[in-house]
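S.K.: Residue numbers (the numbering used here): 0 to 238.
The C-beta atom is built at its ideal place from N, Cα and C for all residues, glycine as well.
Just passing along the structure, written as structure tokens.
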Amino acid sequence: MALLLPSLGLSLVSTQELNLPTVVRSNFDLARAGAGQVTAAGKSPVVIQTDGAVEMQLLLLTVGLALVCGLQGQVEGHEQEELDPQMDLLELSGRWHTAALASNNSALIRPSGRFRVFVDRLDAVDGDLQAQILIPQEDQCRKLSLTAFKSEATGEFTLEYWGQNHLYLAKMKPTEFLILYMINQYEGTTSLVAGLLVRNPTMNQRLLPVFESVCDGLGLHKDQVMVVETTSDCRRLRD
0 MALLLPSLGL SLVSTQELNL PTVVRSNFDL ARAGAGQVTA AGKSPVVIQT
50 DGAVEMQLLL LTVGLALVCG LQGQVEGHEQ EELDPQMDLL ELSGRWHTAA
100 LASNNSALIR PSGRFRVFVD RLDAVDGDLQ AQILIPQEDQ CRKLSLTAFK
150 SEATGEFTLE YWGQNHLYLA KMKPTEFLIL YMINQYEGTT SLVAGLLVRN
200 PTMNQRLLPV FESVCDGLGL HKDQVMVVET TSDCRRLRD
């Protein structure tokens, strides 16, 4: 970690001193600065368009942040279970319900958006995560199988869907919920998408504040979170 963070443009600080939202936003600003697209301080990013070199810098910075986030979680003593590096991914296998989505590019998660999808099932196979997702199409749902391939870093996967994605497991309690997020790269645009999956849809309201807290740490504001109603799209047709 000590060798990785300086190479990504991050300073090594103690987890007690770390203000994760500030670091996230600073990293987005740093990446935009490389492309000559800095916005006024305090404004949240919408969609980041960069050249190839800066785009890779943004991706590496975000991966570094995911590692820092894991350190911060170890000292904060959350009630929910944090991601355990030794956790058996098999605990994530089974049926899931998509409860909420968030993105700095709202078009991706609105109805008919490319990431307005509903996870039906996850299965851990040899360290990879296989997903069955439902995609709304008029009055039907198209089922699609995807595989998120493990990487060398714990809780990090690569996924091909609407471009290239780096997927991270941010927070979980396998018997209740899973919060994940993705860095999506598509035709020169880099977007951040997060999702809340629950085992039991009746727990949506109780777990929503947990999801909003994780999103805030990623630089996503409350108004960028979209709750998926049980009467919406594939949720209604499946349930």
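Terminal residues of the continuous alpha helix (DSSP H) containing Ser246?
M.R.: Residue 246 lies beyond the residue range present for the chain, which begins at 0 and ends at 238; the question has no answer from this structure.
S.K.: Can you check which of these residues, Ala101, Leu158 and Val213, is closest to Asp127 by C-alpha distance?
M.R.: When only C-alpha atoms are compared, the closest one is Leu158.
S.K.: Going by C-alpha to C-alpha distance, which of Glu137, Tyr160 and Lys142 sits closest to Phe148?
M.R.: Nearest option by C-alpha distance: Tyr160.
S.K.: Please return the same chain residues whose Cβ sits closer than 6 angstroms to the Cβ of Gln85, not counting the five positions on each side in sequence.
M.R.: With a pLDDT of only 47 at Gln85, under 50, the local geometry of the prediction cannot be trusted, and no value is derived from it.
S.K.: Tell me the rounded alpha-carbon separation between Leu107 and Asp125.
M.R.: Using only the alpha carbons, I get a separation of about 30 angstroms.
S.K.: Among all the DSSP beta bridges, which residues are the ones paired with Val224?
M.R.: BP columns for Val224 point to Ala101.
S.K.: With Ser144 as the anchor, note down where its beta strand (DSSP E) starts and where it stops.
M.R.: Note, Ser144: beta strand (DSSP E), Gln139 to Lys149.
S.K.: Excluding the 5 residues flanking His96 on each side, which residues of the same chain have their C-beta closer than 6 angstroms to its C-beta?
M.R.: Within the same chain, His96 has close Cβ partners Val197 and Pro200.
S.K.: Do you know offhand how far Lys142's Cα is from Glu228's?
M.R.: C-alpha separation (whole angstroms): 20 angstroms.
S.K.: In three-state DSSP terms, what is Leu107?
M.R.: In this structure, Leu107 counts as helix in the three-state DSSP scheme.
S.K.: Distance check for Asp215 and Asp222, CA to CA, integer angstroms please.
M.R.: Between Asp222 and Asp215, the C-alpha separation is close to 11 angstroms.
S.K.: Assign Glu75 to buried or exposed, taking buried as 16 or more other Cβ atoms, counted over all protein chains shown, within 10 Å of its Cβ.
M.R.: With a pLDDT of only 44 at Glu75, under the threshold of 50, the placement of this residue in the model should not be trusted, and no figure is reported.
S.K.: How long is the line joining the alpha carbons of Ser105 and Leu88, rounded to whole angstroms?
M.R.: The straight-line gap from Cα to Cα measures roughly 30 angstroms.
S.K.: With DSSP as the reference, label Gly41 as helix, strand or coil.
M.R.: Note that Gly41 scores a pLDDT of 43, beneath 50, so its modelled location is shaky and nothing firm can be said.
S.K.: Does DSSP classify Glu80 as helix, strand or coil?
M.R.: At Glu80 the pLDDT is 49, less than 50, meaning the model places this residue with poor confidence; the figure from the coordinates comes in the next sentence. Glu80 falls in the coil class under three-state DSSP.
S.K.: Give every residue of the same chain whose Cβ lies closer than 7 angstroms to the Cβ of Gln163, excluding the five residues on either side of it in the sequence, and list them in chain order.
M.R.: Excluding sequence neighbours, Gln163 sits near Gln184.
S.K.: Please classify Leu91: does DSSP put it in a helix, a strand, or coil?
M.R.: The answer is helix: DSSP assigns Leu91 an H, G or I state.
S.K.: I think Ala130 touches Leu91, with their Cβ atoms under 8 angstroms apart; what is that distance to the nearest whole Å?
M.R.: No, Ala130 and Leu91 are not in contact; Cβ-Cβ is about 10 angstroms, not under 8 angstroms.
S.K.: Look at the alpha carbon of His165 and the alpha carbon of Thr153, and state the distance between them as a whole number of angstroms.
M.R.: Approximately 12 angstroms between the Cα atoms of the pair.
S.K.: Helix, strand or coil for Pro200, going by three-state DSSP, please let me know.
M.R.: Residue state, collapsed to three classes: helix.
S.K.: When the Cα atoms are used, what is the spatial distance from Phe156 to Pro110?
M.R.: Rounded to whole angstroms, Phe156 to Pro110 spans 26 angstroms at the Cα level.
S.K.: Output the boundary residues of the beta strand (DSSP E) element that contains Leu166.
M.R.: From DSSP, the beta strand (DSSP E) with Leu166 extends over Gln163 to Lys172.
S.K.: Judging by CA-CA distance, which residue of Tyr180, Gln204, Glu137 and Glu186 is the nearest neighbour of Ser102?
M.R.: Nearest C-alpha to Ser102: Tyr180.
S.K.: Would you tell me roughly how many angstroms separate the C-alpha atoms of Lys239 and Asp138, rounded to the nearest one?
M.R.: For the chain, the structure presents residues 0 to 238; residue 239 sits outside this window and is missing.
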